[in-house]
Amino acid sequence: MFDDLSNKLESTLKKIRGQGKLTEKNISDTLREIRRVLLDADVNYKVTKDFIEEVTKKALGAEVINSITPGQLITKIIYDELTVLLGSNNSELKINGSGPTIILMVGLQGSGKTTFSAKLAKHLNSRGRKVLLAAADIYRPAAIDQLKTLGEQIKTPVFSLDVKDARKISVDSIAYAKENGLDTVIIDTAGRLHVDQELMDEVGDIKKLVNPTEILFVVDSMTGQDAVNSAKAFNEKVDYDGIVLTKMDGDSRGGCALSIRSVVGKPIKFLSAGEKLDSIDVFYPDRLASRILGKGDIISLVEKAQEQFDESETEDLEEKIRKNKFDFDDFLKQIKMIKKMGSLSSLLSMIPGVNSAMKNAKVDDNALVKVEAIINSMTKQERTTPKILNGGRRKRIARGSGTSIQDVNRLIKQFGDMQKMMGQLSGKMLKNPNFNPNTIKFN
Amino acid sequence: MNLFKNLNFDKLKEGLNKTRDKIVNKITEVVTGKAVIDEATLDEIEEILLSSDIGYDTTEKILEEARKRLKSEKDRSDVNLIEIIKSELSSTLTASTKDINSEIEKNKPYVILVVGINGAGKTTTIGKLANNFKQAGYKVIVGAADTFRAAANEQLEVWAKRADVQIVEKGTNTDPSSVAFETVNQAIKDNADVVLIDTAGRLHNKTNLMDELNKIKRVINKLLPHAPNDTFLVLDGNNGQNAIIQAEEFAKVTDISGLIITKLDGTAKGGVIFQISSKMQIPVKYIGVGEGITDLQDFDPSMFVSALFEK
Ligand SMILES: Nc1nc2c(ncn2[C@@H]2O[C@H](COP(=O)(O)OP(=O)(O)OP(=O)(O)O)[C@@H](O)[C@H]2O)c(=O)[nH]1
Ligand SMILES: Nc1nc2c(ncn2[C@@H]2O[C@H](COP(=O)(O)OP(=O)(O)OP(=O)(O)O)[C@@H](O)[C@H]2O)c(=O)[nH]1
Ligand SMILES: [Mg+2]
Ligand SMILES: [Mg+2]
Chain A
15 MFDDLSNKLE STLKKIRGQG KLTEKNISDT LREIRRVLLD ADVNYKVTKD
65 FIEEVTKKAL GAEVINSITP GQLITKIIYD ELTVLLGSNN SELKINGSGP
115 TIILMVGLQG SGKTTFSAKL AKHLNSRGRK VLLAAADIYR PAAIDQLKTL
165 GEQIKTPVFS LDVKDARKIS VDSIAYAKEN GLDTVIIDTA GRLHVDQELM
215 DEVGDIKKLV NPTEILFVVD SMTGQDAVNS AKAFNEKVDY DGIVLTKMDG
265 DSRGGCALSI RSVVGKPIKF LSAGEKLDSI DVFYPDRLAS RILGKGDIIS
315 LVEKAQEQFD ESETEDLEEK IRKNKFDFDD FLKQIKMIKK MGSLSSLLSM
365 IPGVNSAMKN AKVDDNALVK VEAIINSMTK QERTTPKILN GGRRKRIARG
415 SGTSIQDVNR LIKQFGDMQK MMGQLSGKML KNPNFNPNTI KFN
Chain B
-12 MNLFKNLNFD KLKEGLNKTR DKIVNKITEV VTGKAVIDEA TLDEIEEILL
38 SSDIGYDTTE KILEEARKRL KSEKDRSDVN LIEIIKSELS STLTASTKDI
88 NSEIEKNKPY VILVVGINGA GKTTTIGKLA NNFKQAGYKV IVGAADTFRA
138 AANEQLEVWA KRADVQIVEK GTNTDPSSVA FETVNQAIKD NADVVLIDTA
188 GRLHNKTNLM DELNKIKRVI NKLLPHAPND TFLVLDGNNG QNAIIQAEEF
238 AKVTDISGLI ITKLDGTAKG GVIFQISSKM QIPVKYIGVG EGITDLQDFD
288 PSMFVSALFE K
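Protein sequences, first through last, are from chains A and B. Residue numbers for the first sequence follow our numbering, so the first one is 15 and each next one is one higher. Residue numbers for the second sequence follow our numbering, so the first one is -12 and each next one is one higher.
Structural data, given as structure tokens:
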């Protein structure tokens, strides 16, 4: 469902990454475009505004200006900010050590509370909990029948009373659970508007009466701008513990998740993606982030690159380049670093744009293996002084590495080009923490 | 180093531009004696429009139009600007031309199919509509063609009872189009005036469920060539931009003749209908403003537009 958002972000960011120089003009053009993408995805107006301001501040900082690859850096800033917005830790459902675990479901009409109550019951049952469903929606026609039908489907007892008193039903359900050795009670409440004082008081009272272990606010992932208002009002009333995002099987861009997360600061705990009772997913913020950003997870690529190229080796390398002493040994070292970051194809898939551009193209992971084999077949002297690589030596190397003479020739040629190129560069680039993986050339 | 210089230069230029604009505005003001609407006012209006789910493109378009019209307008006060925008908005809404009463007289039984995504408010709206038609003196039958959702039948039964109308239903998991068929059949036999068919909630991106809807429509149509006379798409007023895709996808499998926006008794504004209505030329028929049987209102464009600007 986040594909659309991520595609749009990707194409916008691609534009700016392609530009050599960053000016205030192209930064602001990009941010205007990003703003539109976020608004189209139903991210709240104010949240979008703050987001853009935050990114602008960072993007206009000296870091970007001094950076050799400013496009890369602004990309990272935007992705980082989005991740911040989504939260960083996944939070599990709380379980009560003593006495029954009580989970209270709240939310607007039709958001999916009843269905999710049953899903959660099934989920917890399969983890060894003994669940009771409590039917505390006394308003919606056939709400109790609905929960009972679902309870039957998952063989879970449903507690209900023939009284129009949601407070009493809730309280009595806990006693019932205790008497019958059930350790978890999920209370399904009626859908209510956050501006309905009477019903908000009802849910506030239920909270006070049963002291829930966990209160979950259930939200339709297709919700628009107003999501922040209801999320805030419910939070003020019951101070819920987490959020459930439903109907994720639709194609909504889900911007409301970002808005709610940023406005109330509560974690998203579960996703619901279907009407069937087993479509429940524990929520992992990092996964949602990468879903929003698409498969092209540029951040992790940048981070991986930074991780692998450690400072001292880089300085070593820099020294060599400056003295024009970069040789095949160093090249081999570099390849090893790249390999540590993962396979070539997975590396490429992390670069936004590459995925869509290369959907069907096969990436040859063997390319690096070949290069390694060729270098490994060289003698120590050949590696440090490539100049001596004559025809005879090349033939031997090809045989030794199980490659063709053309392969060996190509590599030596490329290496020569690389040496030349490196000679032209100042040592600055390698020292730069904002290493740009896009400049790594394979082939 | 070069880059650094560039940036400062740009900043300088921008600063100069601002000053120049200010001067030009001041001059205009002095010359014409009218205040120029400042960007802050336009920003405020933009906020109102965007936070009503009107959407980025439509908001920009409306602001653009407003700017243009303002230029040729004599009165450039803020108040006037808002009036211009309101009329701009109202004009994007497709008007409903059909008079349903005379239509019912012409085509009996008059069959209304109600569709939409999960939890939008279809069943509740059917209860309200049934009540309205009944109160207007029509003989009404409702058909429970949501054979999927837990207790969907029971829910519609309660509504049929409240509205005091007849209901046709079959068991859970039976073919929904056979329920629709039987409902219309029954209506023909009983000389009913209005048939309301409830359908299961379905997300617009689920092909098999959308095909099922198409089948329901075909089955009804075979039995009664003028039916369905109306297909109403129910949209949750809380929904954001996704509602546009919903409308587009539903329109592909059934001819949507009207929109019903529910849950407008909350704080959501339902502004997404401007795009839907203008893009697809579908009128908004009713709005849901509560869970009670009388909480259905005829759609009134100017009232709806005014509500956007209420804080
Ligand atoms: N496609 C899809 N449908 C869902 C999902 N969760 C719930 N639904 C459907 O959404 C509709 C509303 O769900 P309910 O569980 O009745 O919602 P609720 O919040 O209990 O509604 P009220 O009690 O009326 O406030 C039903 O048709 C459900 O089958 C989901 O993740 N995906
Ligand atoms: N506040 C408010 N609630 C509404 C309105 N219309 C419907 N609801 C509530 O929204 C919830 C879902 O309504 P339903 O009529 O069951 O929706 P549906 O589209 O039939 O749902 P499914 O059949 O599950 O897809 C119920 O709790 C209704 O009471 C409205 O205009 N205002
Ligand atoms: Mg419910
Ligand atoms: Mg229904």
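Every residue, glycine too, gets a C-beta built ideally from N, C-alpha and C. These numbers were taken from a predicted model, which means no experiment stands behind them.
Taking the alpha helix (DSSP H) that residue i falls in, what are its first and last residues?
i, result
"K204 (chain B)", "T194 to L210"
"G195 (chain A)", "Counting along the chain, G195 (chain A) falls outside any alpha helix (DSSP H), and DSSP gives it neither H nor E."
"K234 (chain A)", "A small fix is needed here, since residue 234 (chain A) is Asp in this sequence, not Lys. No alpha helix (DSSP H) contains D234 (chain A), which is instead part of the beta strand (DSSP E) from E228 to D234."
"S59 (chain B)", "Y43 to S59"
"F130 (chain A)", "K127 to N139"
"M267 (chain B)", "I260 to M267"
"S415 (chain A)", "G405 to S415"
"V217 (chain A)", "Q211 to V224"
"S89 (chain B)", "I87 to K93"
"R458 (chain A)", "Residue numbering for chain A in the displayed model covers 15 to 457; residue 458 (chain A) lies beyond these limits and cannot be assessed."
"K162 (chain A)", "A157 to Q167"
Which residues does DSSP list as the beta-bridge partners of residue i?
i, result
"G279 (chain B)", "Looking at the DSSP assignment, G279 (chain B) forms no beta bridge with any residue, so it has no partner."
"G256 (chain A)", "A:L230"
"V101 (chain B)", "B:D185 and B:F219"
"N226 (chain B)", "A:T237"
"L146 (chain A)", "A:V199"
"S286 (chain A)", "A:I294"
"L246 (chain B)", "B:L220 and B:V271"
"Q284 (chain B)", "B:I274"
"F342 (chain A)", "For F342 (chain A), which the question treats as bridged, DSSP gives no partner whatsoever."
"V172 (chain A)", "A:L147"
Measuring alpha carbon to alpha carbon, tell me which residue in the options is nearest residue i.
i, options, result
"D185 (chain B)", "B:T161, B:K109 and B:E297", "B:K109"
"I257 (chain A)", "A:D292, A:Q239, A:F297 and A:N58", "A:F297"
"L175 (chain A)", "A:T62, A:D186, A:L146 and A:I168", "A:D186"
"A167 (chain B)", "B:N178, B:V155 and B:T159", "B:V155"
"M290 (chain B)", "B:K55, B:K48 and B:L76", "B:L76"
"K126 (chain B)", "B:D151, B:G103, B:A137 and B:L143", "B:D151"
"V383 (chain A)", "A:T398, A:D253 and A:T417", "A:T417"
"D295 (chain A)", "A:N194, A:V277 and A:L107", "A:L107"
"I177 (chain B)", "B:D252, B:N226, B:K115 and B:K95", "The question names Ile, yet the displayed sequence has Asp at residue 177 (chain B). Residue B:K95 is the option with its Cα nearest to D177 (chain B)."
"K239 (chain B)", "B:N67, B:N192 and B:S265", "B:N192"
"L13 (chain A)", "A:V209, A:Q160 and A:S293", "Here chain A has residues from 15 to 457 only, and residue 13 (chain A) is not among them."
"L259 (chain A)", "A:S273, A:V252 and A:E250", "A:S273"
"S468 (chain A)", "A:K72, A:E67 and A:H137", "Absent from the structure is residue 468 (chain A), since the part of chain A shown begins at 15 and ends at 457."
"K72 (chain A)", "A:A287, A:R413, A:L207 and A:S42", "A:S42"
"G124 (chain A)", "A:V61, A:L207, A:I188 and A:G113", "A:L207"
The beta strand (DSSP E) that contains residue i, what's its start and end?
i, result
"D295 (chain A)", "I294 to V296"
"I274 (chain A)", "Premise fails: I274 (chain A) lies in the alpha helix (DSSP H), G269 to V278, not in any beta strand (DSSP E)."
"S266 (chain A)", "Looking at the DSSP string, S266 (chain A) is not in any beta strand (DSSP E), and its letter there is neither H nor E."
"K63 (chain A)", "Counting along the chain, K63 (chain A) falls outside any beta strand (DSSP E), though it belongs to the alpha helix (DSSP H) covering Y59 to A73."
"L118 (chain A)", "T115 to G121"
Which residues in chain D have a C-beta closer than 7 Å to the C-beta of residue i? List them in chain order.
i, result
"D40 (chain B)", "Judged by its chain identifiers, the structure shown contains no chain D, and its protein chains are A and B."
Quick one: which residues of the segment 150 to 165 of chain A get their C-beta closer than 9 Å to a C-beta of chain B? List them in chain order. The residues in question are Y153, R154, P155, A156, A157, I158, D159, Q160, L161, K162, T163 and L164.
Can you give, in chain order, each stretch of the beta strand (DSSP E) that sits fully within the segment 114 to 182 of chain B and has at least 3 residues? Scanning the segment 114 to 182 of chain B from its first residue to its last, the whole beta strand (DSSP E) runs of 3-plus residues come out as 127 to 132 and 153 to 155.
Residues in the segment 230 to 257 of chain A with C-beta within 8 Å of chain B's C-beta atoms, listed in sequence order? If the cut-off is 8 Å between Cβ atoms, the segment 230 to 257 of chain A has D234, M236, T237, G238, Q239, D240, A241, N243 and S244 near chain B.
If you measure beta-carbon to beta-carbon, which residues of the segment 123 to 143 of chain B are closer than 7 Å to chain A? Listed in sequence order: A137, A138, E141 and Q142.
Selection of the segment 263 to 294 of chain A by Cβ proximity to chain B, strictly under 8 Å: Listed in sequence order: D263, G264, D265, S266, R267, G269, C270 and E289.
Give, in chain order, every residue of the segment 114 to 135 of chain A whose Cβ lies closer than 9 Å to some Cβ of chain B. Under the 9 Å Cβ criterion, the segment 114 to 135 of chain A contributes L122, Q123, G124, S125, G126, T128, T129 and A132.
With 9 Å as the C-beta to C-beta threshold (strictly closer), list the residues of the segment 92 to 112 of chain B near chain A in chain order. Listed by position along the chain: I104, N105, G106, A107, G108, T110 and T111.
Short-range partners of chain B found in the segment 194 to 224 of chain A, where Cβ spacing is below 8 Å: Here the close residues are L207, H208 and V209.
According to a CB-to-CB cut-off of less than 7 Å, which residues of the segment 40 to 57 of chain A neighbour chain B? Cβ proximity to chain B below 7 Å picks out R50, L53, D54 and D56 from the segment 40 to 57 of chain A.
Output, in sequence order along the chain, the residues in the segment 214 to 239 of chain B whose CB is closer than 7 Å to any CB in chain A. Sequence-ordered contacts of the segment 214 to 239 of chain B with chain A read D223, N225, N226, G227, Q228, N229 and I232 [C-beta pairs closer than 7 Å].
Which of the residues in the segment 174 to 193 of chain B, read from start to end, lie with their CB under 7 Å from any CB of chain A? Residues L190 and N192.
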